[in-house]
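All residue numbers for the sequence shown refer to the working numbering, where the first residue is 1 and numbers rise by one.
No residue lacks a Cβ here, since even glycine has one placed at the ideal position from N, Cα and C.
Being a predicted model, the structure only gives us computed values, none of them experimental.
Single-structure report; data block below.
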Amino acid sequence: MNASSSKWLPLGEKAMTQTYGSTRKLIPLCTTRWNSMQSCFALLLRVRTALSVFEVTNKNAHDLPDKLIILEDAAFWSELKKAEEVIRPLCFASFMLQSDNNTFADVVLCFRELYDKFVASPISDGLVGLLEKRWNDCELPLFLLAFVLHPGNRELLKELHGSVANRMWDFALAYYRKPFDRDARSIVGEMSEWMRGAYTPFSLANFENLATPPLAAFWQEAKSSKERAHLEPELPELAGYVGYGCKYSYLRAILLSVGAHSHCSAKQDELRKSKNDCSCSGPSTRPRPT
């Protein structure tokens, strides 16, 4: 449609105006960014009725591009909807993990969110397998320890499988040795207090709107409170080490490795052939998922 802006694009916009009272700008599909691709698919689905009206109205025109005939095909719209549903959680995860303050704990939550969404997908077998493979490629003890030591996840600790919870002490001992080059003296006892919810009465909510990021401020206060009690805490040091070890480039690599072989790769060529000249998207900046 965009390839013939002098004729078909105005007719498409006219169909949208007649159907909805307003129009949406049509731009080519961007296949290199999840956010743009998801926005494109979602907006196409929103104007499906108008585009179908456009196709029916103009299908007998001798010069109607063959690619636009697909707009009347119910199978095309069904596959487009499936593709959008697969891309949406990847898009949300990508958006969530763009902050400089991301931690390994955020990665774990994103994996869980992707898993929940992919399990509910009609093509869950392939997607879940790819996600599980990428998860198993990660340094799981480090990721799980970071998840457990994030104060925002304390309520979720109740959901941990018993065998995983029992390994946290081993993980804590091992990862304490790495940066500090010494054996921990009190980390097992401190981890036990933390897992029971008895380590500190504070929560992340107590440290919002400060110059220091809430997570760092939380552990600074936890350390100070123990020192005021004449203790030498080790858990805050460990939490700081595992809490800030993850950068966006690493997280992005995780998403790309999962998404590159998702349902999109199987359907993308088919969809691209039919939509390259009639696709719709949102702003060129990075939008929130639609």
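1) Can you tell which of 209, 148 and 22 has its C-alpha closest to the C-alpha of residue 108?
2) Between residue 12 and residue 76, how many whole angstroms is the CB-CB distance? I'm expecting something under 8 Å.
3) Would you decide whether residue 174 is buried or exposed? Buried here means 16 or more other CB atoms lie within 10 Å of its CB.
4) I need the boundaries of the alpha helix (DSSP H) containing residue 128, first residue and last residue.
5) Residue 171 and residue 214 - do their beta-carbons sit closer together than 8 Å?
6) Between the stretch 34-53 and the stretch 89-101, do at least 3 Cβ pairs fall closer than 8 Å?
7) Nearest to residue 105 by CA position, among 187, 132 and 138, is which residue?
8) Just curious, the alpha helix (DSSP H) that residue 82 is in, first and last residue?
9) Given a cut-off of 8 Å on the beta-carbon distance, is the pair residue 154 and residue 189 in contact?
10) Could you give the distance in angstroms between the alpha-carbon of residue 237 and the alpha-carbon of residue 86?
11) Which value, in whole angstroms, describes the spacing of the CA atoms of residue 115 and residue 133?
12) To test your reading of the DSSP string, which unbroken alpha helix (DSSP H) runs of 4 or more residues are found completely within the stretch 131-178?
13) Touching or not, the stretch 201-217 and the stretch 67-76, by the rule of three or more beta carbon pairs under 8 Å?
14) Which residue from 204, 192 and 234 puts its Cα closest to that of residue 180?
15) So what does DSSP say about residue 240, is it helix, strand or coil?
16) For the alpha helix (DSSP H) containing residue 189, list its first residue and its last residue.
17) Which residue's Cα is closest to the Cα of residue 309: 23, 30, 43 and 14?
18) Residue 80 and residue 51 - do their beta-carbons sit closer together than 8 Å?
19) Select from 135, 131, 150 and 18 the residue whose C-alpha is nearest the C-alpha of residue 202.
20) Can you tell me the Cα-Cα spacing of residue 8 and residue 61, whole angstroms?
For this structure:
1) The option with the nearest alpha carbon to residue 108 is 148.
2) Rounded, the Cβ-Cβ distance is 16 Å, inconsistent with contact.
3) Counting Cβ neighbours within 10 Å, residue 174 comes out exposed, since fewer than 16 surround it.
4) Note, residue 128: alpha helix (DSSP H), 124-137.
5) In this structure, residue 171 does not lie closer than 8 Å to residue 214 by Cβ.
6) Contact holds: three or more Cβ-Cβ distances are below 8 Å.
7) From the listed residues 187, 132 and 138, the smallest Cα separation to residue 105 is found for 138.
8) Judged by DSSP secondary structure, residue 82 falls within the alpha helix (DSSP H) whose first and last residues are 74-96.
9) Judged by their CB atoms, residue 154 and residue 189 are not nearer to each other than the 8 Å cut-off.
10) Each residue's alpha carbon lies about 39 Å from the other.
11) Put simply, the backbone Cα of residue 115 is about 12 Å away from that of residue 133.
12) Correct list: 140-148.
13) Touching, no, given that fewer than three Cβ pairs across the two stretches are closer than 8 Å.
14) Cα-wise, what sits closest to residue 180 is 234.
15) Under the three-state reduction of DSSP, residue 240 is assigned to helix.
16) From DSSP, the alpha helix (DSSP H) with residue 189 extends over 187-196.
17) Here the chain covers residues 1 to 290 and nothing more, so residue 309 does not appear.
18) The answer is no: Cβ separation not under 8 Å.
19) For residue 202, the closest C-alpha among the options 135, 131, 150 and 18 is that of 150.
20) Just so you know, the alpha carbons of residue 8 and residue 61 end up roughly 11 Å apart.
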